[in-house]
Structures are given as C-alpha cells and as structure tokens.
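Student: Residue numbers (the working numbering), protein chains in the order written: chain A, 168 to 499; chain B, 7 to 329. No residue lacks a Cβ here, since even glycine has one placed at the ideal position from N, Cα and C.
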Amino acid sequence: MTANRAIGGIILNNPVVQVRNLETTFQTRLGPFRAVNQISYDIYKGETLGIVGESGCGKSVTSFSLMRLIEKPGKITNGQVLLKGRDLLKLSESEMEEVRGGEMAMIFQEPMTALNPVLTIGRQLDEQIMRHKKVNQKESRERAIEMLSLVGIPSPAERYTAYPHQLSGGMRQRAMIAMALSCDPTFLIADEPTTALDVTIQAQILELIQNLQEKFHMSVQFITHDLGVISEISDRVMVMYGGKTCEVATTSELFLNPRHPYTHALISSRPKLGTRVDRLQTIEGSVPAPHELPPGCPFYNRCPRAKTECMNHQPPLQEIKAGHQIACFNPV
Amino acid sequence: MTSFILRRLFQTLVVIVLLSYFCYTLMTLMPGDPVELMIQSNPKITSEDVTRLRQLYGLDQPTYVRYFNWVKTIAQGDLGYSRTYRVPVSEIMGPKLINTMVLSISSMILSLLIAIPLGVIAALRAGTRWDYLVNFFAFAGISIPSFWLGIVLIIIFAVLLHILPAGGTFTVGLENITTFQMLLDRAKYLILPVLSLAYMEIGIFLRFTRSAMLEAMRNDYIRTAKAKGLSYWTVVWGHGFRNALLPLITVITMSFAHVFAGATISETVFAYQGVGKLVYDSIISNDFNVAMVSFMISVTMVLVFNLIADILYGVADPRITYK
C-alpha cells in the first residue's frame, strides 16, 4: 500500500497510524475468542477515522489494543501497530508508558467514572503533564489551567481545585479531553466520548473535538455505534462486525454507496426524517456468540446475500474503487 | 467542618454521661457489694458493723446519689481507691495501661505493615496461587485462637529455642542499666505477645485490604490513569489504594478504639502486666472504682475513635461534606 494517496479529492499523506493484521484474543472457558481478528487500517495526518459497529464487534478492544491496555485474559496475539513508523507492540512496558498519554492519548465513554473521585481535576491533569513534560509544579499548573480554558471550561482556575463530583457530565468530559490533549498527542483515540451525554452536550463535545483536532493537527480514531455522530465527525469510516473489518470508505461514499450487505442494512435501518413507517427496518437475528462465529464471513448467518462460499471462506478486504474497500463476495 | 466536630463532640459527651450512669447502675445490680466480701473474710463481724460500714461507704444511699458522688470525685481528678489492691486506682491502672498501649499499638502497627502490602498484592494477583496462599494465611490468622498460638509460640521460642522469655513484662532484679538496655529488655518480653495478637489482626486487615483493593482496581479511573502513561505502581498506590483507603479507614480506626481495652487472653497467657486481666479481676471482685474507670476508658475510646473515623472519612473522601 502506498503511503500517499488521494481519495475523493482529499489528498491523504503521511499515515500516522498503521495497523497491520491486528489480532487480540481472549482466553475463555469455551476456548480462545478473537475479539479483533486480523484487521488492518491506516489513519492519516489530521484525519478522523470513524469506527462504527454494534456492541461486541471489537471496536473498543481495537482501541485498547492500540494503547496496549488489554487486560487478562485478553492478549494481543498478532500484528503490528505502527505509530509514525514505530511498532508499539515491540516496545518495552516503560517505553509504552512514555507513548501513552504523550504521543497517543485516549478519552473514554463514561466521564462520570473515568475520573478519580478523590483527586482534584488539577491534580489529575498535573499528574499527566509532569509525567510527560519536563516542567515543575507551577508550570504544570499553568499548562493545566490553559488546557481547561481551551476546552471551554468556565473559570478554569477554580475548576483546577474542584473534584470531579462538583462538575457536570459535560464538564467532566471536557476535563477528560483537556487531560488527553495536555501533552500534545499526535494521535487521539476517542472511545464513544459522547454516548453517556445528552444530545445538546453531545453536539458541543463533538464540535470541541473537531476544533481541537484542527488546532493541534491530530489524527483521531473515533469510536461510536451512532451513525449520526459518525457522519458528522469523521473523514473516513471503518465498519466492523464480529472482530473483522467489513467496509472502509470516505464518509460520504459510505453513506451514499454502501456496498457491504451489513453496512447497507445498518444504513437502511436508520429512520428517515419526514417519512412515516409502521416498523423500522431491522437486521434479522443477532450477533452470534463468539464461539458460534462461522469460519467464513462473520455476517454469514444474518446476511440476505449469503452463499455457501461465504460460510467457509473469509472474504478478503479488497479495494473496489479508490479508497473504498469491502470484505464481501457478493456486494450490494 | 468545625461546627460539625463541635456538635459531634457535644453529642459524644452526652453519650458518655448517659453510658456512665448506665454502667454504674449495672455495677450496683451485680450480686454482692464490697461489704458482703468483708463479711465473708471476717467471721466476727456484727450486723451493726455491717450497717455502719454501709453508711460509711455510702452504700445505703440510692444509686443516683452514689452516682453523683462518684462523678463529683472523678471531676476533681480522683479516680478512687482500689479495694482489692488497697492503692489509688490511678496508681494501679496507670503503668498497666501504658503496658497495654505499648502491646496493642505495636501489634497494630506490625499487622498493618504486613497486612496492607500483602492484601494489595493478593488483590492484584487475584485468583492466582499467590492469592490463595495469602488468603490461607489470613484465614488461619482469623481462625487460630490467640491463646493457642501464644502457647505454641512459648513452646517454640522459650521452651525449645530458649531465645525469648516465656512471659512477664521485664526482667526482675536488673540493676544499673541504661535506658536503652531497659527498653531492649522490655522489647524482648513484647515480641511473643505482639506476634500472637498481631496474627489475628493481620488476618482481618488483610481480608479487608484485599476486597477494598479488588473493588478499587475495577474502576474506570484506573484505566484512565494507565492511559495517562503513569507507571503500574503509581496507578496501584496513587489511584487504586488511595480509593481502597476509604473503607479501610473505618476498620482501622475502630480497631484503635480497642487498644486500651486490653487483650485479656494474650496478657494472661504471657503473664503480661496489662490492663486486660485487671479489668476482669475488678469486675469479679466487685472492685467498683477500678471497673468503672476501665469501663469509662473503653466507652470514651470507642466514641472518640468513631468521631475520628468520621473526620478522617471527610478528609479522605471529598464527596463527603459535613454541614
């Protein structure tokens, strides 16, 4: 794969993150379960890649694998994660600690529980700033307050000494973002950062992430199960199902011209504004249990277009046109 | 915060007064009084003598009058006179109380020093062989009676190995020794009782630490702390243990409340001159003044340490505010 490419008129160069054949396995009582199964993708400089999929499709495990924060009984069993050309999976634990929260930061789903309740917001920011930057307590405090004001927290100097429970959910998520961006990361992973917030706050947070991304020229991996959020924030989208990649395309291409039967079904199941229907369209069946996944395409048992070959052979991820890849033998 | 503490102090005082009256009444309800014991020890006593003695000691008066008299003398700093030992209560209790404090506090510190790191490690390695081993050790500590452990320790270290004294508080008859030698001599007598007391406390603290730590390490903020690039041990102590501390505060402070109550069994097994046996003897022998003073010490300690636990809780957990 070439490093520089043009997709839909946008010139993308310098892949910041290159994930190759990533495989994360959980040892369960029913045998090994591949939560992430041989996935590969790139994220370019300044770009937002949205990863979408339903619960249990492996999107969060992918993020945690990139951060190397997979807990037992899980383990990264194969692949490469290159951040600016350096394979993170080959780093020692202490080298990885340098990367986490420094070059690569992450924000989480639950702002209510993701902050430590017994430490002040300031203390939690300082901890990270002083870990990665050669600054003293006073400089760190200045940086922390600067970050808090940057993410739109009113009277940041006062909030610096506040505890998480004294802030609203939206403010806490802003504080989380301030923390994540405090050490100028080149790559940010946002794991459903708006799921726990109500819709108006959600819109504010999305806008904030977009503004900050432009300001800091970050690459963002944005994870969500919300197609609306994805369409708003991402440049390109990767659709995941059963630990595998189904389809990768630019956002407009994916929504206008979905080719994988799963993506197609997902997009058609969204209610459309201005049309009345008795029943919303759904995808028949449910996600198979890990040990029931067929050897071939994971979507096989729910796919309206499935053929026998789909059951036994995993369709490879292939480029069907510039920047649009799908893993399907019988695309829509 | 200050008004909360003042209010709680006032409440504590009220409870102490009420409980002291309650204890005093219970003491008078016990069969027998000091005069009856005198009758038993003196066959020549006449019934007039008995009435005179009862009047002399004020035993013919109603309970509340006697209680107020007792409070009056206590308030003047006079703890009364021990009938069994024939010395003022402060004289008999003071040194023994200090011995008990030394014993209890050393065993408490020892057990915390051992239990907290072990409990944390057991929680971090939950479900592994390490965890099972530590748990087995903890349950043994909780289950083994301290008198049995005491006897076993005496057999091993005093009878078989001859390296530590079997009992006592200090070597009798040592003269011309420096303070340091004196402390060293006392420490030698402390080792076995401290070990036998500490083992049970280790078991209890270990179980609490382990479960509090397991709970804390499961929280989302632990993942956040890791994602910030903090080292594993910073995450464990700075974030995990800092939160596990909250439930531990109550358990540890309340254990300190019993420091003065005395460890009757260990003190008896090791013939240690502590307050535990004194309290037991004073109740059995109707030694009112000694018994009341030790009751009051126990009651005050429990109440005061409750207050301390509340205050520490407010300090350690910012979500708790006192109005």
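So, are the CB atoms of THR256/B and ALA315/B less than 8 Å apart?
Tutor: yes
Student: Please list, in chain order, the residues of the segment 215–232 of chain B that have any C-beta partner in chain A closer than 8 Å.
Tutor: ASN225, ASP226, TYR227, ARG229, THR230, ALA231 and LYS232
Student: For the structure I just gave you, are there three or more beta carbon pairs, one from the segment 148–167 of chain B and one from the segment 236–253 of chain B, closer than 8 Å?
Tutor: Fewer than three Cβ pairs drawn from the segment 148–167 of chain B and the segment 236–253 of chain B lie within less than 8 Å of each other, which leaves the two stretches out of contact.
Student: Determine the contact status of VAL296/B and ILE98/B, defining contact as a CB-CB distance below 8 Å.
Tutor: yes
Student: Suppose contacts are defined by Cβ-Cβ distances below 8 Å. Is PHE354/A in contact with MET385/A by that definition?
Tutor: Contact flag set, yes.
Student: Determine whether the Cβ of PRO240/A lies closer than 8 Å to any Cβ atom of chain B.
Tutor: Not closer than 8 Å to any Cβ of chain B, the Cβ of PRO240/A fails to qualify, so no.
Student: Would you mind sorting ASN171/A into buried or exposed? The rule is 16 or more other CB atoms within 10 Å of its CB.
Tutor: Confidence at ASN171/A is low in this model, with a pLDDT of 49, below 50, so its placement is unreliable and no value can be given for it.
Student: Candidates CYS495/A, THR287/A and ASP358/A: which alpha carbon is nearest THR215/A's?
Tutor: Selected option, being the one with the closest Cα: ASP358/A.
Student: Going by DSSP, what residues sit across from HIS264/B in a beta bridge?
Tutor: Looking at the DSSP assignment, HIS264/B forms no beta bridge with any residue, so it has no partner.
Student: For chain E, check one thing: does any of its Cβ atoms lie closer than 8 Å to the Cβ of PHE275/A?
Tutor: No chain E appears in this structure, whose protein chains are A and B.
Student: Applying a beta-carbon distance threshold of less than 8 Å, which residues of chain A neighbour ALA322/B?
Tutor: VAL285
Student: Count the other C-beta atoms from every protein chain shown that fall within 10 angstroms of the C-beta of ARG201/A, then say buried if there are 16 or more, exposed otherwise.
Tutor: buried
Student: Ends of the beta strand (DSSP E) at MET407/A?
Tutor: Boundaries of the beta strand (DSSP E) harbouring MET407/A: 403–408, taken from the DSSP string.
Student: Hey, does GLY336/A have any beta-carbon neighbour from chain B nearer than 8 Å?
Tutor: no
Student: Residues in the same chain with beta-carbon distance under 8 Å from TYR319/B, minus the five sequence neighbours each way, listed in chain order, please.
Tutor: LEU252, ILE255, THR256 and ILE326
Student: In the structure shown, what three-state DSSP assignment does ILE210/A receive?
Tutor: strand
Student: Please classify LEU292/A as buried or exposed, where buried requires at least 16 other C-beta atoms within 10 Å of its C-beta.
Tutor: Buried, by the Cβ-count rule.
Student: If we cut at 8 Å on Cβ distances, does ARG131/B have a partner in chain A?
Tutor: no
Student: Taking the C-alpha atoms as reference points, what is the distance between MET168/A and GLN247/A?
Tutor: Low confidence applies here, because MET168/A scores a pLDDT of 39, under 50, leaving its location unreliable; read the following figure in that light. Using only the alpha carbons, I get a separation of about 15 Å.
Student: What are the boundary residues of the beta strand (DSSP E) that ASP358/A is part of?
Tutor: 354–358
Student: Taking DSSP's pairing of strands, which residues face PHE200/A in a bridge?
Tutor: PHE193/A
Student: Can you tell me which of the three DSSP states MET33/B falls into?
Tutor: Residue state for MET33/B is assigned as helix, using DSSP reduced to three classes.
Student: State the DSSP-derived secondary structure class of ALA233/B, mapped to helix, strand or coil.
Tutor: helix
Student: How would you label ALA456/A, buried or exposed, when you count the other beta carbons within 10 angstroms and need 16 or more for buried?
Tutor: Its Cβ having fewer than 16 others within 10 Å, ALA456/A is exposed.
Student: Counting only C-beta atoms, is MET407/A closer than 8 Å to chain B at any point?
Tutor: no
Student: Give me the Cα-Cα distance between THR177/B and THR274/B, rounded to the nearest whole angstrom.
Tutor: About 17 Å.
Student: Mind checking which residues open and close the beta strand (DSSP E) that includes GLN67/B?
Tutor: It is not in any beta strand (DSSP E) - GLN67/B carries neither H nor E in the DSSP assignment.
Student: Give the DSSP-derived three-state secondary structure of ARG267/A in the structure shown.
Tutor: strand
Student: First and last residue of the beta strand (DSSP E) that includes LYS301/A?
Tutor: Taken as a continuous stretch (DSSP letters only), LYS301/A belongs to no beta strand (DSSP E), as it is neither H nor E.
Student: Out of curiosity, what's the CA-to-CA distance linking TYR328/B and MET7/B?
Tutor: 6 Å
Student: Which stretch, first to last residue, makes up the alpha helix (DSSP H) that contains GLY156/B?
Tutor: 152–159
Student: Starting from the Cα of PHE275/A, find the closest Cα among GLU420/A, ARG341/A, LYS474/A and VAL203/A and give me that residue.
Tutor: ARG341/A
Student: Is any beta-carbon of chain B found at less than 8 Å from that of GLN340/A?
Tutor: no
Student: In angstroms with no decimal places, state the Cα-to-Cα distance between PHE466/A and ILE397/A.
Tutor: 21 Å
Student: Would you kindly check if the distance between the Cβ of LEU189/A and the Cβ of SER222/A is under 8 Å?
Tutor: no
Student: Beta-carbon of PHE496/A versus every beta-carbon of chain B: anything under 8 Å?
Tutor: It does not: the Cβ of PHE496/A has no partner Cβ on chain B nearer than 8 Å.
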